[in-house]
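Engineer:
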Amino acid sequence: MVDRTSQMERLVGYYLGYMATHLIRLGVDSGLFAALAAHADGTEADELGHELGFNTRYVEHFLRAAFALQFLDYDPSTGHYRLAPHMGVLLAEPENYSYMGNLAHLYTISSRDFSLIQELLKTGGTYPFQEHDEDLIDAAANATNGITEFVVRGVVPRLPGLRRRDDVAALDIGCGTGGTVVALARAFPRGRVVGVDIEPRSVEKAAARIRAAGLEDRAEARLAAAEEVDESGAFDLVTMVQVLHETKQEVRDTILARAHAALRPGGVLLIIDEPYPYDPSALREAPVAVLTQFVEIFMGNVFLSPEDQKQIVEKAGFQVLSQMVPAPGLICVTIAQRS
0 MVDRTSQMER
10 LVGYYLGYMA
20 THLIRLGVDS
30 GLFAALAAHA
40 DGTEADELGH
50 ELGFNTRYVE
60 HFLRAAFALQ
70 FLDYDPSTGH
80 YRLAPHMGVL
90 LAEPENYSYM
100 GNLAHLYTIS
110 SRDFSLIQEL
120 LKTGGTYPFQ
130 EHDEDLIDAA
140 ANATNGITEF
150 VVRGVVPRLP
160 GLRRRDDVAA
170 LDIGCGTGGT
180 VVALARAFPR
190 GRVVGVDIEP
200 RSVEKAAARI
210 RAAGLEDRAE
220 ARLAAAEEVD
230 ESGAFDLVTM
240 VQVLHETKQE
250 VRDTILARAH
260 AALRPGGVLL
270 IIDEPYPYDP
280 SALREAPVAV
290 LTQFVEIFMG
300 NVFLSPEDQK
310 QIVEKAGFQV
320 LSQMVPAPGL
330 ICVTIAQRS
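In numbering that gives the first Met the number 0, the protein residues as written are 0 to 338.
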């Protein structure tokens, strides 16, 4: 039964979620979660505060808040707090593809856009991603690191025609700061990887990332619009990681046609994007995609349902081999092939 009290409780839960996001960011940025991960048997505020040089009273209240939110467990017999099961991986291991601490950075930074949205509601204008401050661009790139690792470790090795190959030529459309480019170059040590993006700062960061990894002989980042890519039959794999929804509708078909042309016969297109609900009655089943779309619609980005993604990929001449939305439902994986 829905009554006023239950609706109040719902709203309180959302307000707490806002505060919890900031608490997560504090725990990540301050090193508190990393320090807790180093104490497998638990620790208490005095020890943790002295270890990190923090005020122990404030640390105690951080620990209490994190326990209340079930990020931590508490042992009353010792007075020690420790990370709750799996929270070490999720909040204190940035190198793990399941890491979610970086999302707190993205959400807290992107929340600044809400100060502009009221005016955009009146004007119908947009605030494109490329016009945002550099910290948002970095946060968005970091938020996709886990997706990149999932793709390169869990999806790419199973793609048709690419199994057990180390000489794959790959094109990453919308390469951002180069995370996927570097990961693919490492996955295919005798291959070649090209990344393209229209955002100059991101391309500069991608080029620096490639140099730092010592991969400039096999990988590159180009400042170019995806619809201008002209590499006929040069690649075995084309990837678009969290990019499709950022492409303008008027050039989307052209981009996919260029991706099709860039692939050799039998080559694979891999798209990772938001699984926006096709049926309005399913909106409550995908709140992450729905709320992310709400924020990004003011950037000019339009999310597509898995069904719509499949349709436009097939329109470009691809055969869609599979689609899946792995738990917890943050992304849709579309695998297609050039016949």
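Ideal Cβ placement from N, Cα and C applies to all residues, glycine included.
1. Just grab the DSSP bridge partners of residue 81 for me.
2. Determine the direct distance from the alpha carbon of residue 316 to that of residue 120, and round the result to whole angstroms.
3. Compare the beta carbon distance of residue 267 and residue 124 with 8 Å and say whether it is the shorter of the two.
4. What is the residue span of the beta strand (DSSP E) that residue 269 lies within?
5. How many angstroms separate the CA atom of residue 303 from the CA atom of residue 275?
6. Should residue 122 be labelled buried (16 or more other beta-carbon atoms within 10 Å of its own) or exposed?
7. Leaving out the 5 sequence neighbours to the left and right, which residues in its chain are closer than 8 Å to residue 248 when beta-carbon positions are compared?
8. Between residue 319 and residue 132, what straight-line distance do the alpha-carbon atoms span, to the nearest angstrom?
9. Out of 187, 223 and 36, which has the shortest C-alpha to C-alpha gap to residue 203?
10. Could you give the DSSP three-state label for residue 4: helix, strand or coil?
11. Using three-state DSSP, classify residue 324 as helix, strand or coil.
12. Which complete beta strand (DSSP E) runs does the region 212-251 hold, if anything under 3 residues is left out?
13. Take the Cβ of residue 293 as the centre, count every other Cβ of all protein chains shown within 10 Å, and call the residue buried at 16 or more, exposed below.
14. Please state the DSSP three-state secondary structure of residue 302.
15. Within a Cβ cutoff of 6 Å, which residues of the same chain sit near residue 178, ignoring the five residues on either side of it in sequence?
16. Per DSSP, residue 143 is paired with what?
17. Taking one C-beta from the region 74-85 and one from the region 20-28 each time, how about it: are there three or more such pairs within less than 8 Å?
18. Might you give, ordered along the chain, the residues of its own chain that have their beta carbon closer than 8 Å to the beta carbon of residue 312, omitting 5 neighbours on each side?
19. By how many angstroms is the C-alpha of residue 89 removed from the C-alpha of residue 95?
20. When we look at the beta-carbon of residue 272 and count the other beta-carbons within 10 Å, is it buried (16 or more) or exposed?
21. From 217, 68, 76 and 39, pick the residue whose C-alpha is nearest to that of residue 20; which is it?
22. Give the straight-line distance between the Cα atoms of residue 240 and residue 118, rounded to the nearest whole angstrom.
23. As a quick exercise: from 169, 176, 245 and 64, pick the residue whose alpha carbon is nearest that of residue 345.
24. Please determine if the region 104-114 and the region 135-144 are in contact, where contact requires at least 3 C-beta pairs separated by less than 8 Å.
25. Alpha carbons only, please: which of 309, 330 and 290 is nearest the one belonging to residue 13?
26. Given that a residue counts as buried once 16 or more other Cβ atoms are within 10 Å of its Cβ, and exposed if not, what is residue 244?
27. With 16 as the cutoff for other CB atoms within 10 Å, does residue 101 come out buried or exposed?
Structural biologist: Answer, in terms of the structure:
1. Beta-bridge partners of residue 81 (DSSP): 72.
2. If I take the Cα positions, the gap works out to 38 Å.
3. For residue 267 and residue 124, no; Cβs fall outside 8 Å.
4. Taken as a continuous stretch (DSSP letters only), the beta strand (DSSP E) holding residue 269 covers 262-272.
5. A straight line joining the alpha-carbon of residue 303 with that of residue 275 spans about 6 Å.
6. Exposed is the call here.
7. Taken in chain order, the residues that qualify are 301.
8. The C-alpha of residue 132 is placed about 37 Å away from the C-alpha of residue 319.
9. The shortest C-alpha separation from residue 203 is found at 223.
10. It is helical.
11. Residue state, collapsed to three classes: coil.
12. Counting only unbroken stretches of 3 or more residues, the beta strand (DSSP E) elements lying wholly within the region 212-251 are 218-222 and 234-240, in sequence order.
13. With fewer than 16 neighbouring CB atoms inside 10 Å of its own CB, residue 293 falls in the exposed class.
14. In the displayed model, residue 302 falls within coil according to three-state DSSP, outside both helix and strand.
15. These residues qualify, in order along the chain: 144 and 147.
16. BP columns for residue 143 are empty, so no partner.
17. They do not touch, by the three-pair rule.
18. Around residue 312: 255, 268, 270, 319, 333 and 335.
19. Rounded to whole angstroms, residue 95 to residue 89 spans 8 Å at the Cα level.
20. With a 10 Å radius around the Cβ and a threshold of 16 neighbouring Cβ atoms, residue 272 comes out buried.
21. Ranking 217, 68, 76 and 39 by Cα distance to residue 20 puts 68 first.
22. Cα to Cα, residue 240 sits roughly 31 Å from residue 118.
23. Outside the shown range of the chain (0 to 338) lies residue 345, about which nothing can therefore be said.
24. Contact between the region 104-114 and the region 135-144 is present, because at least three Cβ pairs lie under 8 Å.
25. Nearest to residue 13 by alpha-carbon distance, out of 309, 330 and 290, is 290.
26. Flag for residue 244 reads buried.
27. Classification for residue 101: buried.
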